[in-house]
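What follows is a short report on a single structure.
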Amino acid sequence: MEQLALFAEAGQSKGLPKHLLEYRPALLSATESDLLLTKLITETPWKQTTQKLWDKEFLTPRLTCWYGETNRIEGTLPWTPDLQAIRDLVEPLAGIHFNSVLLNYYRDGNDSVAWHSDKESIMGSQPVIASVSFGQVRSFDIRNKDDHKEHYSVKLEHGSFLLMKSGLQEQWQHRIAKSAKPMKARINLTFRQIL
Numbered sequence: 210m211e212q213l214a215l216f217a218e219a220g221q222s223k224g225l226p227k228h229l230l231e232y233r234p235a236l237l238s239a240t241e242s243d244l245l246l247t248k249l250i251t252e253t254p255w256k257q258t259t260q261k262l263w264d265k266e267f268l269t270p271r272l273t274c275w276y277g278e279t280n281r282i283e284g285t286l287p288w289t290p291d292l293q294a295i296r297d298l299v300e301p302l303a304g305i306h307f308n309s310v311l312l313n314y315y316r317d318g319n320d321s322v323a324w325h326s327d328k329e330s331i332m333g334s335q336p337v338i339a340s341v342s343f344g345q346v347r348s349f350d351i352r353n354k355d356d357h358k359e360h361y362s363v364k365l366e367h368g369s370f371l372l373m374k375s376g377l378q379e380q381w382q383h384r385i386a387k388s389a390k391p392m393k394a395r396i397n398l399t400f401r402q403i404l
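Numbering (the working numbering), first residue to last: 210 to 404.
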């Protein structure tokens with residue numbers, strides 16, 4: 210089923226809540242981003258997981274892989290030099306040490322993530338998540354949990370950085386919607402601190 214776009218086709222929504230989100234295009238150069246996109250697609254041991262919804266299991270519409278401090282976080286792979294280098298770039302911007310990263314591979318416009326909040330107890334009560342995107346520009350949509358008419362969008366560009374600040378997960382949901390338009394591959398890294 211096609212999801213309807215809530216937002217304009219280009220740029221960021223006006224009034225983006227900067228106390229909750231920080232966006233920086235071109236954290237990495239186009240050349241660095243091209244190289245990393247290719248390496249991550251070909252060298253990551255991607256998995257497609259299942260989720261249970263209404264007593265049925267569904268394949269998650271994207272591929273994922275966890276990396277991090279393997280002695281502390283079960284099921285993660287050890288940091289690669291590339292992922293460590295990107296973490297070293299984002300930690301000063303976020304002001305936090307990240308001990309894991311979830312990689313998401315959106316192969317085309319059919320891959321997505323539905324409306325949700327990242328509020329797992331393993332990340333604490335007010336998690337901070339740093340996101341770096343490579344490849345196809347996709348819209349990162351957010352909406353207020355109590356008033357869905359309050360919504361915003363950020364176009365996540367190749368090599369860009371997005372910081373989801375403390376407080377976002379409690380009051381807002383976010384998604385990457387499916388697209389009926391042809392889409393190329395996109396990889397998103399979400400750096401997290403698992404307690």
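Backbone N, C-alpha and C fix where the C-beta goes; we use that ideal spot for every residue, glycine too.
Bear in mind that the values here come from a model prediction, so they are computed numbers and not experimental data.
N-terminal and C-terminal residue of the beta strand (DSSP E) that residue i is part of
{"i": "Ala323", "result": "Val322 to His325"}
{"i": "Arg401", "result": "Arg395 to Arg401"}
{"i": "Ser369", "result": "Ser369 to Met373"}
Alpha carbon of residue i to alpha carbon of residue j, nearest angstrom
{"i": "Ser340", "j": "Thr273", "result": "14 Å"}
{"i": "Thr258", "j": "Pro270", "result": "9 Å"}
{"i": "Gly277", "j": "His357", "result": "34 Å"}
{"i": "Thr253", "j": "Phe267", "result": "23 Å"}
{"i": "Arg296", "j": "His306", "result": "9 Å"}
Under 7 Å between C-beta atoms of residue i and residue j
{"i": "Trp288", "j": "Gln382", "result": "no"}
{"i": "Asn186", "j": "Asn397", "result": "Lying before the first or after the last residue shown, residue 186 is absent from the chain, which here runs from 210 to 404."}
{"i": "Lys364", "j": "Ser388", "result": "no"}
{"i": "Gly368", "j": "Leu237", "result": "yes"}
{"i": "Ile282", "j": "Ser309", "result": "yes"}
{"i": "Ile338", "j": "Arg401", "result": "yes"}
{"i": "Leu372", "j": "Ala303", "result": "yes"}
{"i": "Gln378", "j": "Ser326", "result": "yes"}
{"i": "Ser362", "j": "Gln335", "result": "no"}
Those residues which DSSP pairs with residue i across a bridge
{"i": "Ser348", "result": "Lys364"}
{"i": "Trp384", "result": "Reading the sequence as shown, one finds Arg at residue 384 and not Trp. According to DSSP, which records beta bridges pairwise, Arg384 is partnered with Asp350."}
{"i": "Gly277", "result": "Pro287 and Ser309"}
{"i": "Glu231", "result": "Leu372"}
{"i": "Glu266", "result": "Lys261"}
For residue i, the three-state DSSP class (helix, strand or coil)
{"i": "Arg296", "result": "helix"}
{"i": "Thr259", "result": "strand"}
{"i": "Ala339", "result": "strand"}
{"i": "Tyr272", "result": "Checking the displayed sequence, the identity of residue 272 turns out to be Leu instead of Tyr. Three-state result, Leu272: strand."}
Endpoints, the alpha helix (DSSP H) within which residue i is located
{"i": "Thr251", "result": "Ala239 to Glu252"}
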